[in-house]
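**Student:** Take the position in the sequence shown, starting the count at 1, then add 25; the result is the number in the working numbering. Sharing a structure, written as structure tokens. Questions coming.
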Amino acid sequence: IKADIAKQGRRHRFFNINAADESRRREVVEALTGDVEANGGTVAVLMHSLAFGTLKPYVADDALTKANVEMTLDVMAHSLVYWAQDVVARGLMGEGGRVFSMTSSGSTRVIKSYGAVSAAKAALESHTRQLAMELAPRGITVNALRGGVTRTPAAEKIPASEHLFEHAERRNPHHRLTTPQDVARAIVALCDPGTDWITGNVINVDGGEEIAG
Numbered sequence: 026i027k028a029d030i031a032k033q034g035r036r037h038r039f040f041n042i043n044a045a046d047e048s049r050r051r052e053v054v055e056a057l058t059g060d061v062e063a064n065g066g067t068v069a070v071l072m073h074s075l076a077f078g079t080l081k082p083y084v085a086d087d088a089l090t091k092a093n094v095e096m097t098l099d100v101m102a103h104s105l106v107y108w109a110q111d112v113v114a115r116g117l118m119g120e121g122g123r124v125f126s127m128t129s130s131g132s133t134r135v136i137k138s139y140g141a142v143s144a145a146k147a148a149l150e151s152h153t154r155q156l157a158m159e160l161a162p163r164g165i166t167v168n169a170l171r172g173g174v175t176r177t178p179a180a181e182k183i184p185a186s187e188h189l190f191e192h193a194e195r196r197n198p199h200h201r202l203t204t205p206q207d208v209a210r211a212i213v214a215l216c217d218p219g220t221d222w223i224t225g226n227v228i229n230v231d232g233g234e235e236i237a238g
């Protein structure tokens, strides 16, 4: 990826960190601030896609604990707020900036052992709306993308994920799963300057999967 970026004549900075760790987040923001001060430019896109949570039932011998729930919501939802706060407060993102979060149909549906993640996705959508309202005067848009069921390493950890994949493929009007490339193309389109009036939304990127029931 770094080589591909360099071929386009662009600078790159790569940070392999726990994005939910407050001290590491601040290290990244400090580094980006120094880079911008030295070389100019801004953070054009902030993409929040953290998939790290606890998949356990609420009521069982091995049920969710308070720590499980709080960690899941902090990583998968609340961290969006903290990254947006730091990036905007440091002046790293201005007019024309784009903030995206990644949600799922779990925000409105019940999936086995997905309760804490469902709660996190619902919170993430709420944070997205609030940030959209507060950042609108700065010319920054904030939207949540609800991708269709996608076969990823994270999705494969969901209990009975194969059943989830098969069901999604059957009900999707295109009779296939969503791919990372589908979502990437949507992000590229929504970064166009002509999309600055689209903000505060949960946008389905699923080939019609959600409306198919």
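Heads up, the beta-carbon is just placed ideally off N, CA and C, and yes, glycines get one too.
Going by beta-carbon coordinates alone, are Glu150 and Ser129 separated by less than 7 Å?
**Tutor:** Contact flag unset, no.
**Student:** When you compare the CB positions of Ala45 and Ser104, do they come within less than 7 Å of one another, or not?
**Tutor:** Cβ distance < 7 Å, so Ala45 and Ser104 count as in contact.
**Student:** Kindly provide the ranges of any beta strand (DSSP E) runs that are 3 or more residues long and lie completely inside the stretch 52 to 101, ordered along the chain.
**Tutor:** Listed in chain order, the complete beta strand (DSSP E) runs (minimum 3 residues) inside the stretch 52 to 101 are 70 to 73.
**Student:** May I ask you to report which of helix, strand or coil DSSP gives Leu170?
**Tutor:** Correct three-state label for Leu170: strand.
**Student:** May I ask you to report which of helix, strand or coil DSSP gives Thr220?
**Tutor:** Thr220 falls in the helix class under three-state DSSP.
**Student:** Tell me which residues share the same chain as Val167 and place their Cβ nearer than 7 Å to its Cβ, disregarding the 5 neighbours each side in the sequence.
**Tutor:** These residues qualify, in order along the chain: Val124, Thr153, Leu156, Ala157, Leu160, Thr224, Gly225.
**Student:** Are the CB atoms of Ser186 and Ala193 within a distance shorter than 7 Å?
**Tutor:** Not closer than 7 Å, so no.
**Student:** Name the DSSP bridge partner or partners of Asn229?
**Tutor:** In DSSP, Asn229 forms a bridge with Arg171.
**Student:** Is it the case that the Cβ atoms of Thr79 and Ala147 are separated by a distance below 7 Å?
**Tutor:** Their beta carbons are not under 7 Å apart, which means Thr79 does not touch Ala147 by this criterion.
**Student:** Can you grab the Cα-Cα spacing for the pair Cys216 / Pro198, in whole Å?
**Tutor:** Cys216 and Pro198: Cα-Cα distance of roughly 27 Å.
**Student:** Comparing C-alpha positions only, which one of Ile26, Leu170, Val53, Arg49 sits nearest to Ala211?
**Tutor:** Minimum Cα distance to Ala211 is reached at Leu170.
**Student:** I think Pro184 touches Ser138, with their Cβ atoms under 8 Å apart; what is that distance to the nearest whole Å?
**Tutor:** At roughly 5 Å, the Cβ-Cβ gap stays under 8 Å, so Pro184 and Ser138 are in contact.
**Student:** Would you grab the beta carbon distance between Leu71 and Ala31 for me? Rounded to a whole angstrom, and I think it's under 8 Å.
**Tutor:** In fact, because the Cβ distance is near 22 Å, the residues do not count as touching under 8 Å.
**Student:** Run through DSSP, which three-state label would Val135 get?
**Tutor:** Here Val135 sits in coil by DSSP.
**Student:** Beta strand (DSSP E) containing Thr128: first to last residue?
**Tutor:** Run containing Thr128: 123 to 128, per the beta strand (DSSP E) assignment.
**Student:** Tell me, please, which residues DSSP counts as bridged to Thr203.
**Tutor:** In DSSP, Thr203 forms a bridge with Thr175.
**Student:** Anyone know if the C-beta pair for Ser117 and Met101 falls short of 7 Å?
**Tutor:** The sequence given here places Leu at residue 117; Ser does not occur at that position. Cβ distance not < 7 Å, so Leu117 and Met101 don't count as in contact.
**Student:** So, helix, strand or coil for Met158, using DSSP?
**Tutor:** Three-state DSSP puts Met158 in a helix.
**Student:** If you check the beta carbons only, do Val208 and Val230 fall under 7 Å apart?
**Tutor:** Yes, the pair counts as a contact, with Cβ atoms nearer than the cut-off.
**Student:** When you compare the CB of Leu202 with every CB in chain B, is at least one pair closer than 7 Å?
**Tutor:** Annotation note: the requested chain B is absent from the structure, which comprises a single protein chain.
**Student:** With burial defined as no fewer than 16 other Cβ atoms inside 10 Å of the residue's Cβ, what is the status of Asp290: buried or exposed?
**Tutor:** The structure shown has nothing for residue 290, since the chain only spans 26 to 238.
**Student:** For Glu120 versus Gly59, is the C-beta distance shorter than 7 Å?
**Tutor:** Result no, Cβ atoms of Glu120 and Gly59 do not sit closer than 7 Å.
**Student:** So what's His152 in DSSP terms, helix, strand or just coil?
**Tutor:** Three-state DSSP puts His152 in a helix.
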